[in-house]
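Asks: If you scroll down you'll find the structure; I have some questions about it.
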Amino acid sequence: MSVINLEHLFNPKSIAVIGATNDPTNAGNIVMRNIMGGGFMGPVMPVSSDAEAIAGVLTYPGIAQLPKAPDLAIVARPVREAPDVVAQLRAIGARAVMLLGGSFQGMDPDDRLRLKNEILEAAETPAMRVLGPKCLGFMAPGINLNASLAHATIQPGKTAFISQSDSLFTAVLDWARGQGIGFSHLVALGARIDVNIADVLDYLSSDPMTRSILLYVESVCDAREFMSAARAASRNKPVLVIRPGQAFETVLRECADTGLEGMTLSDEIYDVAFRRAGMLRVDTIDGLFDAARTLADIKPVRGDRLAIVTNGVSAGILAADALLMGGGRLARLSDETKTAVDEIIDRKWSRTNPVDIPFNASGKEYAELVRALLKDKGVDAVLTMHVPFAGLPEEEVAQALADSLKRVRRMVFACWLGLGKAEKAREIFRNAGVPTYDTPDKAIRAYLYMVEFQRNQEMLMETPDSLPTDFFPDTMAAREVIETVLADGRDTLTEPEAKRVLAAYGIPVVETRLAVSARDSVIAADELGYPVAVKLRSPQIPQPYDVGGVLLDLETPEQVWEAAANILARVSRERPDAYIEGFTVQKMGRRPGAHELFISANTDPVFGPTIYFGHGGMSREIIMDRAVALPPLSMSLARELISRTRIVRLLKGTPTTAATDLDDVCLTLIQVSQLLIDLPQVHTLDINPLYADDLGVLALTARIQVAAYEGDGAQRLAIRPYPRELEECVVLKDGTKITIRPIRPEDEAAHREFLASLSDDDLRLRFFGAVRREFDHKDLAAFTQIDYDREMAFIAQRTGEDGEPETLGVSRTITRPDNSEAEFAIVIRSALKGQGLGSMLFKKSIDYTRERGTAKLVGQTMLENQGMQGLARKFGFAITSDPEDNQLVDMELDLHGA
């Protein structure tokens, strides 16, 4: 992942077109005409051996004859010629290349990989960036650049669109032109051998001309890279994504030559990845742009309770119906609100929501009604609707309402039905920054998108609940079980082995024994105590229920003996091909009224471990009630996973059954999540059924499959987990014992107190000026909820007098996506200065960045901050005056040479 030289790609000062021609059907001619026709102000240098001039510009016979190295070279030659052309461009100093040539289609995987590597080696990436091949190009309207094969241009705007589809690129272009929508960038990624969706996300997330980002995603090659970039971008600006679902998966699975070998096609995994990254997923192109326009100037949406004001009852009912079908709620109006409405409209009305007002209601009445509804604590947002009637001054009504909404901080949007004057009214709302729509369906769809976006953002910024302090998994015991299985040449744990692994992570399990005969089954039952269950064990029969291979509630040795004999006889008749390994004997887990759940895990080829939760038991595959999540999980993320299943309604209790202990279910999900992090050999896991009731959970059956794994197990996760291996205990000069460790989201409260404890001078030196003393949740979330792949904050903590953790200092580094540089900052409590804490934290950050291969560590401090400069010199930093501000100094450490 890297933004190196993307500035030369998307904001070039000069361009060369290799393979330019006067053939109007050739890509080289089309892109030349588009560049020249778009008004690009920099030099454009076509390279052609066939023509003296193309699109009115004199050509150069070869790359070596170019008068200067272009920022961007556009290559319109067959892809097999690309390595040689790229090598020539790299030799003259070009910094970015876009390959318009054909794709790898028709090549076998080995040829495809070889050609890809040859192109990248010739480019010496990231010294030269490569966009494509099979690339339609890109547009940057802000600099009048149309470096694409598209047939039309687009006006400048604040929205960027990144597409993995050429056809959708052109379709969106046409749609946007018709709607008068502008863009900051439109990018078609092509085959993505270098520049990928994560790179462009990183570039656009810091682009001041881009206020929102739209994505069309079909597949992701590097989940960690994508998730890291997407989460970072979503914290800065709205990111919306559209992806084809089941039909796309079906088509690609039937296509023999897609170039997507080993790619994830499961739409439910992509869906949860988008949600986890704080992005909003939409289903249609219309929805994509409706949501983008709404989110660009979004006001707070507190929830999904909507009040509707309309002068047409039927239109209001249609909107209410769309709201309820989409999962939203109609706000319940309080008695005070109803009284206020009575006074405003002075006539009989339904006294319910939607609020029906006279067909000739004035703008003043609309405005007063909106203010009255927004005062109601049960109302999260208001939709104002207007149906045209003859003789009504629609524009005056819209203007009066729009003027009143300028002073409203809550979410209000409009739906003005009709054409003619209605369009002028909608223009008034748009100019006033009020989201407006021409049909109830569009208005409600946009509102529900806003609600979902707000929920995703809250989840992205949410402070997780702390884990129980007594959760200490016995990782060593679980690892020994798995290593024994692998050493035996097996890939599947026996049920007792699987349950020992679960028990090592604190998951309650039913005690189980293995038996190879009826006699052994009786002995096992005697040891366990009655009643027991006896189940068949056969590698050819993964689900023994299917062949009557499970007998329950056996109360005596005779019943156990007879059950084993009957199972053998039945299986011999029905499945004579099956090899019988023996029986599993387990004590009956008696939990009357308990719900049957399941928790399973698979290893996706791109996103790594994925966790599934839902309705379990024998009917699991029939009911198909499940949701998926990406580890690592917290208590809040586990609750969110459970909330996406239908069975959650039963788990909350009924008039005849007590509510399930959801905290225990959440803890079990977290225990499974931690197991997958600690034990990368675990390839699949399945607990079914998992009994759950008000007493907690109990795992009845467990299956685990393993495979040898070399390297860092955390690397296989799409989201880097908390790096526990970086924790250490140290002692200050005065003997105080403290812990230095990476910061966690749960540290928010302690971090708030730490910032409040800093002196005004400490804050001024840390933030280069006076800052407010109060930090809100969003600020603290940015400090504590970090992406460990991109930044690191080491905190020093001790246990305070009240027994709660107390933060004493923090050293923070933020690393560039290409790992070329990390910027540091450090601050400690004034009372602890002189105890060596600053040196300890600084050394921790230096060692960490050096170990991860970062090239250099840099920082800035105020000229008067001699203490920071002295600490930097102690560790070998070079200190120089800042060329742009004589009140600052720059500090730099070469981590490779130090």
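Residue 1144 in my numbering sits at position 664 of the sequence shown, with consecutive numbering throughout. Just so you know, even glycine gets a beta-carbon here, dropped at the ideal spot from N, CA and C.
(1) Could you check the C-alpha separation between ARG756 and ARG711 for me, to the nearest Å?
(2) Among the candidates MET587, PRO558, VAL989, whose CA atom is the shortest distance from the CA of LEU1170?
(3) Grouping DSSP H, G and I as helix and E and B as strand, with all else coil, what is PHE1274?
(4) Under three-state DSSP, which class holds ASP1026?
(5) For MET689, does the three-state DSSP call read helix, strand or coil?
(6) By the 10 Å Cβ neighbour count, where 16 or more other Cβ atoms means buried, how is SER1239 classified, buried or exposed?
(7) Which two residues bound the contiguous alpha helix (DSSP H) that contains GLY658?
(8) Can you give, in chain order, each stretch of the alpha helix (DSSP H) that sits fully within the region 989 to 1072 and has at least 4 residues?
(9) Excluding the 5 residues preceding and the 5 following GLY1133 in the sequence, name in chain order all residues of the same chain whose CB lies nearer than 7 Å to its CB.
(10) Note the first and the last residue of the continuous alpha helix (DSSP H) segment covering ASN597.
(11) Assign LEU804 to one of two classes, buried (16 or more other C-beta atoms within 10 Å of its C-beta) or exposed (fewer than that).
(12) Where does ALA1179 land, buried or exposed, given buried means 16+ other C-beta within 10 angstroms?
(13) Can you check DSSP and say which residues form a bridge with ASN626?
(14) For the pair the region 667 to 679 and the region 638 to 657, tell me if three or more CB-CB distances fall below 8 Å.
(15) Can you tell me whether DSSP reads GLU963 as helix, strand or coil?
(16) Could you name the residues of the same chain whose beta carbon sits closer than 7 Å to that of HIS488, not counting the 5 residues immediately before and after it, in chain order?
(17) Would you please state the rounded distance, in angstroms, between the beta carbons of VAL859 and PHE893? I believe it to be under 8 Å.
(18) Could you tell me the alpha carbon to alpha carbon distance between GLY1215 and THR955, rounded to whole angstroms?
(19) Looking at the structure shown, is PRO834 part of a helix, part of a strand, or coil, going by DSSP?
(20) Name the residue from ALA811, GLY843, ILE1220, ARG1196 whose alpha carbon lies nearest to the alpha carbon of LEU854.
(21) Assign TYR750 to one of three DSSP states: helix, strand, or coil.
(22) Taking DSSP's pairing of strands, which residues face ALA1081 in a bridge?
(23) Go to PHE1304, then tell me how far its beta strand (DSSP E) extends in each direction, as first and last residue.
(24) Locate the beta strand (DSSP E) running through SER1237, then write down its first and last residues.
(25) Using only CA atoms, which one of LEU695, ALA1358, ILE1218 lies nearest to LEU1375?
(26) Given a cut-off of 7 Å on the beta-carbon distance, is the pair ARG1221 and GLU1207 in contact?
(27) Distance check for LEU629 and VAL511, CA to CA, integer angstroms please.
(28) Looking only at its own chain, which residues have a Cβ that is under 6 Å from the Cβ of ARG513, when we skip the five neighbours before and after it?
(29) Could you tell me which residues DSSP pairs with GLU1208 in its beta bridges?
(30) Touching or not, the region 1146 to 1166 and the region 1190 to 1203, by the rule of three or more beta carbon pairs under 8 Å?
(31) When the Cα atoms are used, what is the spatial distance from MET450 to SER1310?
(32) I need the boundaries of the beta strand (DSSP E) containing PHE641, first residue and last residue.
(33) In its own chain, which residues sit with a C-beta less than 7 Å from the C-beta of LEU538, not counting the 5 before and 5 after it?
(34) Based on the DSSP output, what are the partners of ARG1292 in its beta bridges?
(35) Quick one: what does DSSP say GLU741 is sitting in, helix, strand or coil?
Replies: According to the structure data:
(1) 8 Å
(2) VAL989
(3) strand
(4) helix
(5) coil
(6) exposed
(7) 646 to 659
(8) 998 to 1008, 1037 to 1054
(9) ALA1139
(10) 589 to 603
(11) exposed
(12) buried
(13) MET619
(14) yes
(15) helix
(16) ASP551, LEU552, ARG575, ALA576
(17) Wrong, their Cβ atoms sit about 13 Å apart, outside the cutoff.
(18) 32 Å
(19) coil
(20) ALA811
(21) helix
(22) ILE1091, LEU1165
(23) 1301 to 1308
(24) Here SER1237 belongs to no beta strand (DSSP E); instead the alpha helix (DSSP H) covers 1228 to 1237.
(25) ALA1358
(26) yes
(27) 6 Å
(28) ALA535
(29) ILE1220
(30) yes
(31) Since the first and last residues shown for the chain are 481 and 1378, residue 450 lies out of range.
(32) 636 to 643
(33) GLU532
(34) ALA1273, ALA1305
(35) Residue placement at GLU741 is flagged as unreliable, the pLDDT there being 49, under the threshold of 50; a coordinate-derived value is accordingly withheld.
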